[in-house]
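In our numbering, the protein residues as written are 14 to 422. Every residue gets a Cβ at the ideal spot worked out from N, C-alpha and C, and that includes glycine. In this text the structure is predicted, and so the values were computed from the model without any measurement.
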Ligand SMILES: [Zn+2]
């Protein structure tokens with residue numbers, strides 16, 4: 014059943030926008046006084062509202078009576094939203110002089126969250142995840158990736174993936190799970206033995222719930238020479254790869270390109286050579302401003318990555334340790350100001366370019382044959398959205414053509 018929705022003062026369509034490199038305002042393919050024709054969750058046509066209403070045999074019209082800007086539903090392509098407990102003590106410790114790596118090396122940090130996730134029941138983890146998803150949904154996120162990685166043994170890694178799978182059935186937004194058994198080495202294990210255990214015992218079972226695998230490539234977690242054979246083994250099992258790369262030290266981004274990973278995420282420490290390597294590759298560069306804000310570190314060289322030609326995505330990294338903020342739009346507004354990103358570059362990073370990082374080709378643009386995942390902001394000018402740094406929230410949200418939230422009535 015065809016429905017026409019509109020008029021929207023402005024609609025950012027990204028209809029023909031390039032997958033890689035820098036973008037300017039005209040690259041957003043904005044339609045003014047726009048309408049969208051939707052059928053069975055998919056977009057049939059976008060164009061001037063008047064034309065759509067005139068020319069179609071329409072079943073229904075949803076009229077938008079006040080000024081709104083419509084953009085594709087947000088895609089958060091890197092999060093760790095399943096957790097229990099709090100790492101507020103780490104924040105205070107870091108601000109008193111300890112580094113993230115020192116806390117991890119002393120058996121705290123991620124390993125504290127592992128302990129709490131191990132003690133938590135599945136129901137408890139599901140309830141907490143559900144609450145975070147509802148908050149994210151009100152911020153406009155309609156597709157989100159979520160990693161395991163606070164289990165570090167078969168039972169608890171699979172428990173985390175089951176939590177994501179079961180909550181995915183309860184919510185309207187899409188949850189994309191990723192297996193991150195190789196987050197850090199658990200206590201009492203030697204690193205090579207742990208990676209062998211993951212490959213032989215855990216990954217084949219995880220594969221039944223996800224085809225995405227991640228590893229934290231870092232000296233304190235898994236350095237390049239250990240991560241590489243593990244990731245090649247995961248590739249052989251049929252997993253798509255994504256890496257935590259170059260957060261504190263170099264090497265991960267080059268490895269990501271070398272093994273054909275879908276994305277290289279973090280990149281705060283990436284230098285000139287690897288920026289250009291990413292720019293000329295098909296690996297999506299995912300930057301995580303929420304981690305820079307949580308740790309008080311410099312942002313990833315986002316402007317340089319775009320100028321080098323990279324497909325640049327922005328994600329929240331929402332997690333209890335380094336990135337507790339979780340507000341993707343606020344982080345984007347701040348990152349844009351520091352890294353001098355245009356609205357076209359910033360919005361691309363949380364829509365169709367983030368979809369590319371997840372290997373999804375059916376969302377992220379408002380164009381024919383794409384899913385109608387879309388969010389409308391109560392303003393007449395798209396520039397207000399990032400300018401207000403997360404305080405202007407969408408008040409109408411659609412997922413697969415269904416009206417999820419309507420704050421206008
Ligand atoms: Zn992460």
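Measuring alpha carbon to alpha carbon, tell me which of 102, 38, 162 ends up nearest residue 121.
Here the closest residue by C-alpha is 102.
Beta strand (DSSP E) segment containing residue 46, residue limits
43-52
Beta strand (DSSP E) segment containing residue 410, residue limits
409-412
Taking buried to mean at least 16 other C-beta atoms within 10 Å of its own C-beta, is residue 249 buried or exposed?
Burial call: exposed.
Buried or exposed: residue 194, going by 16 or more other Cβ atoms within 10 Å of its Cβ?
buried
Short Cβ contact (7 angstroms threshold) for residue 299 with residue 315
no
Considering only C-alpha positions, which residue in the set 166, 197, 264 is nearest to residue 219?
166
Any heavy atom of ligand 3 within a distance shorter than 6 angstroms of the CB on residue 287?
Looking at this structure, you won't find ligand 3 anywhere; what it does contain is ligand 1.
Sorry if obvious, but does the Cβ on residue 259 come closer than 6 angstroms to a heavy atom of ligand 1?
no
For the 8 angstroms Cβ check, are there 3 or more pairs between the segment 111-118 and the segment 370-377?
no
Within this structure, are the beta carbons of residue 86 and residue 388 separated by less than 7 angstroms?
The answer is yes: Cβ separation under 7 angstroms.
Roughly how many angstroms separate the alpha carbons of residue 258 and residue 294, rounded to a whole number?
15 angstroms
Euclidean distance between Cα positions of residue 128 and residue 206:
20 angstroms
Contact under 7 angstroms by Cβ, residue 80 with residue 393
yes
In three-state DSSP terms, what is residue 305?
helix
Where residue 297 sits in the DSSP three-state scheme
strand
Given 8 angstroms, three or more beta-carbon pairs between the segment 301-315 and the segment 403-416:
No, the segment 301-315 is not in contact with the segment 403-416.
So, helix, strand or coil for residue 93, using DSSP?
coil
Tell me whether residue 415 sits in a helix, a strand or coil according to DSSP, three-state version.
strand
With hydrogens ignored, establish whether the beta-carbon of residue 89 is closer than 6 angstroms to any heavy atom of ligand 1.
no
Count the CB pairs spanning the segment 354-362 and the segment 36-46 that are closer than 8 angstroms, and state whether there are at least three.
yes
Distance CB(residue 174)-CB(residue 161) smaller than 7 angstroms:
yes
Straight-line CA distance for residue 222 to residue 292?
32 angstroms
Does the beta-carbon of residue 147 have 16 or more other beta-carbons within 10 angstroms, so that it is buried, or is it exposed?
Classification for residue 147: exposed.
Does the distance between the C-beta of residue 64 and the nearest non-hydrogen atom of ligand 1 fall short of 6 angstroms?
Not one heavy atom of ligand 1 lies closer than 6 angstroms to the C-beta of residue 64.
Contact set for residue 11: own chain, Cβ-Cβ below 7 angstroms, skip 5 residues either direction:
Any answer about residue 11 is impossible in this case: the structure gives the chain only from 14 up to 422.
Excluding the 5 residues flanking residue 262 on each side, which residues of the same chain have their C-beta closer than 7 angstroms to its C-beta?
231, 232, 282
Is it true that the segment 61-77 meets the segment 332-349, where meeting means three or more beta-carbon pairs spaced less than 8 angstroms apart?
No, the segment 61-77 does not touch the segment 332-349.
According to DSSP, residue 87 sits in a beta bridge with which residue or residues?
154
According to DSSP, simplified to helix, strand and coil, what is residue 188?
Correct three-state label for residue 188: strand.
Would you check if the distance between the CB atom of residue 297 and the CB atom of residue 268 is smaller than 7 angstroms?
no
Measuring only the C-alpha atoms, how far is residue 36 from residue 285?
21 angstroms
Is the CB-CB distance between residue 351 and residue 312 below 7 angstroms?
Contact annotation: residue 351 and residue 312 have beta-carbon atoms nearer than 7 angstroms.
Tell me whether residue 330, by its Cβ, gets closer than 6 angstroms to a heavy atom of ligand 1.
yes
Within its chain, find whatever has a CB closer than 6 angstroms to the CB of residue 192; leave out the 5 residues flanking it on each side and keep chain order.
161, 219, 223, 226
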